[in-house]
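See below:
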């Protein structure tokens, strides 16, 4: 392990679950950040308070071309680790790093409607820590328990600080019925240092069903009371959402007959590149946690 | 089996799943039905079309006294078949026939705010086919797959016709997060004759996790397209809902930290009392399907 880096957010170190203070800002940039698509002060304040923002239909025009790219990709990736399959039904659940396999999707990550906001929230140049497509098939997509992404990225990938944000696009409608993302507003302000330790090669199991790093009932209840309830990320295809790296979120089963499909980009500040994992274990593979911190350059104008 | 009774709705007879026509009316009574709390014509039309109606906060004053009765009952019923427990966590999931064990809850079933509507919808005197409390504990209450209650009551209990309705009271908030009831509006107009046959003593397993009598993806999709989407029964404690016996419904996991608790009364027309089960098997026990068709007499005024 790299002894230069202090562990600001110890977790799964064998002790009991406990709350630790967040020592990082939520919003690292300013409202007058360059970029035509940066958030205004009111939107920044809302993100700071709630830990997420929903921009209804903001990139509607990208949905059809992205879906087309994904269709091509399914064939291309058969048998590769970047493809994750449902434990029961064997249906497609995730594609990791789709921007490696599609030039178009790489451009989507650089579209100023996304990248202006990511650079503003993190107050820095940014790179992609991870990207993925999550498909929850109708009637078969399973629930995912509550978790903070940052807790995993910190422990398993060595991401030092909370200076990352996920920007994601709804490729289908996300409604109360098809397994939408639920969030606890305000939960990003509290860090849950989790009990237990990390099993070796945890990712092979946790991408299907996470167990390490999930809160117990009392912790969850405290967060919900503290944060003032629960929220659902509902919207039509083309809705753009940003959620903070430490916000507690989860999702129920898809009970609808239609899929819930989303494309996620995890943007990380180039000053927050991953070190040795704080678990002391070997790093996860690059398709889950990139170590190439070369900054993304915004496209001059929105993708057509 | 009672050979007098024609099987209008054969299901699980060993063939393929298929759609059969509903031969019964949805609304059996009239808008000018006696009773201060009967539905008006607009409400009746909506029930006829959608197969359910939500009366927000209609019996708010009953919630606290019912909750008090349930607390007492948990102790009283330990070890009895009327108590159903979560498969994984062993927590309370259901109490069957609470009106057997509480005089107060028996009066709730006779409250004119419920009974006037049940008698009107069924156009007859009614009795209780079944009553139950369903608790979905926070973080632990599990999903329940899509099903028509009538399909089970017909096959396993010998209920001849679609002349029953469930009236139920939200004892906690029902929101998108705590495993609410989802319904397919209009699905009560179609009868899904299910594939397969009924395992012996199916109820012992099906109360925990139903498998027989659930639609496949194509059937579900057809219903959702035909009926125009999905609906959630959301509301504050004390909200009263009526849903038709053949409406397709299900519910997701409870991801919230707080329970979702509802009290259900299944009202059946006294002309529609149960015969021998159409499966040809022995009837389910009385706590699941009463054979005592003595009519409920409405209280003179709402419970205090």
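Protein chains in written order, with the UniProt record's numbering: chain A, 1 to 304; chain B, 1 to 304. Backbone N, C-alpha and C fix where the C-beta goes; we use that ideal spot for every residue, glycine too. All values reported here derive from a predicted model rather than from experimental measurement.
query	result
Does any CB atom of chain B fall closer than 7 Å to the CB of residue 2 (chain A)?	At residue 2 (chain A), the pLDDT of 48 sits below 50, so the modelled position is not reliable; the number obtained from the coordinates is stated separately. Cβ-Cβ to chain B under 7 Å: no for residue 2 (chain A).
What residues from chain B crowd round residue 17 (chain A), counting only those whose CB sits closer than 9 Å?	Here the premise fails: no neighbours, minimum Cβ distance about 14 Å.
Closer than 7 Å, Cβ to any Cβ of chain A: which residues of the stretch 242-255 of chain B, in chain order?	250, 252, 253 and 255
Using DSSP's beta-bridge definition, name the partner residues of residue 188 (chain B).	Partner(s): none; residue 188 (chain B) has no beta bridge.
Pick helix, strand or coil for residue 68 (chain B), following the three-state DSSP scheme.	helix
From residue 50 (chain B) to residue 16 (chain A), what does the alpha carbon distance come to, in whole angstroms?	50 Å
Can you round the beta-carbon distance between residue 246 (chain B) and residue 129 (chain B) to whole angstroms, since I take them to be within the 8 Å contact cut?	Contact doesn't hold; Cβ gap of about 14 Å is too wide.
Cβ of residue 146 (chain A) within 7 Å of Cβ of residue 252 (chain A)?	no
Alpha carbon to alpha carbon, how far is residue 109 (chain B) from residue 296 (chain B)? Give it in angstroms, no decimals.	8 Å
Which one of A:52, A:83, A:233 and A:282 has the shortest CA to CA distance from residue 27 (chain A)?	A:52
In whole angstroms, what is the alpha-carbon distance linking residue 66 (chain B) and residue 244 (chain B)?	24 Å
At least one CB of chain A closer than 7 Å to the CB of residue 230 (chain B): is that the case?	yes
Is there a C-beta anywhere in chain B that falls below 7 Å from the one on residue 224 (chain A)?	yes
Just by C-beta distance, which residues in the stretch 175-190 of chain A are closer than 7 Å to chain B?	176, 177 and 182
Just to confirm, is the Cβ distance from residue 102 (chain B) to residue 56 (chain B) under 7 Å?	no
What does the alpha-carbon distance come out to for the pair residue 41 (chain A) and residue 71 (chain A)?	39 Å
By how many angstroms is the C-alpha of residue 182 (chain A) removed from the C-alpha of residue 2 (chain A)?	Caution applies to residue 2 (chain A), whose pLDDT of 48 falls short of 50 and renders its modelled position unreliable; the value that the coordinates give is listed next. One C-alpha to the other measures close to 35 Å.
Counting C-beta neighbours from all protein chains within 10 Å, is the total for residue 173 (chain B) 16 or more, i.e. buried, or is it exposed?	buried
Under three-state DSSP, which class holds residue 247 (chain A)?	coil
For residue 111 (chain B), decide whether its Cβ has a neighbour in chain A, counting only Cβ atoms nearer than 7 Å.	no
Taking residue 134 (chain B) and residue 93 (chain B) to be in contact with their CB atoms under 8 Å, please state how far apart those CB atoms are, rounded to whole angstroms.	7 Å
Are the stretch 157-175 of chain A and the stretch 111-131 of chain A touching, with three or more C-beta to C-beta distances below 8 Å?	yes
State the beta-bridge partners of residue 193 (chain A) as determined by DSSP.	A:18
Does residue 139 (chain A) get closer than 7 Å to chain B when you measure Cβ to Cβ?	yes
Please confirm if residue 102 (chain B) has its CB atom under 7 Å from at least one CB of chain A.	no
Report buried or exposed for residue 141 (chain B), applying the criterion of at least 16 other Cβ atoms within 10 angstroms of its Cβ.	buried
So for residue 1 (chain B), helix, strand or coil by DSSP?	Annotation note: pLDDT 44 at residue 1 (chain B) (below 50); position unreliable, coordinate value reported separately. It is coil, neither helix nor strand.
So, do the stretch 188-203 of chain A and the stretch 147-158 of chain A have three or more beta carbon pairs nearer to each other than 8 Å?	yes
Measuring CB to CB, does residue 284 (chain A) end up less than 7 Å from residue 156 (chain A)?	yes
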